[in-house]
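J.: Have a look at the structure that comes next, please.
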Amino acid sequence: MKIAREEIFGPVMSLLKYDCYEDVIKRANSSSFGLAAGIVTKDLTRALTITKRLHAGTIWINDYNTFWNQAPFGGFKQSGHGRELGSYGLEGYYEVKTVSIKLA
Numbered sequence: 001m002k003i004a005r006e007e008i009f010g011p012v013m014s015l016l017k018y019d020c021y022e023d024v025i026k027r028a029n030s031s032s033f034g035l036a037a038g039i040v041t042k043d044l045t046r047a048l049t050i051t052k053r054l055h056a057g058t059i060w061i062n063d064y065n066t067f068w069n070q071a072p073f074g075g076f077k078q079s080g081h082g083r084e085l086g087s088y089g090l091e092g093y094y095e096v097k098t099v100s101i102k103l104a
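Numbering-wise (full-length UniProt numbering), the sequence shown opens with residue 1 and increments by one.
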């Protein structure tokens, strides 16, 4: 299904039927994008198991579109490079230098 493979912005939510959790994970990971994902469930253990297998930079469980300045935000695959927010968000501003001195 096209909506499940493209990166869509706006007030859009797609609700897709599935037969098993393997189907959900396969469908989600078949996209070229991986900015964010949301899981709504009563089974927290299963949700955490699924998050380990999803290729997305941010995953919300029973919540969506909340951000904290301390937590990095960014996508996988074609959904961007690097991270915003948190200490990872500062890495683009770092200038790393190596200095080597022979003392003897």
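Virtual Cβ for every residue (Gly too), placed ideally from N, Cα, C.
So, helix, strand or coil for E95, using DSSP?
T.: coil
J.: Name the two residues that bound the continuous beta strand (DSSP E) containing I50.
T.: Per DSSP, I50 belongs to no beta strand (DSSP E); it is in the alpha helix (DSSP H), 44-53.
J.: Whole angstroms is fine: what's the gap from C20's alpha carbon to K97's?
T.: 50 Å
J.: For S30, does the count of other Cβ atoms within 10 angstroms reach 16, so buried, or fall short, so exposed?
T.: exposed
J.: At the level of alpha carbons, what is the spacing between E95 and K42?
T.: 45 Å
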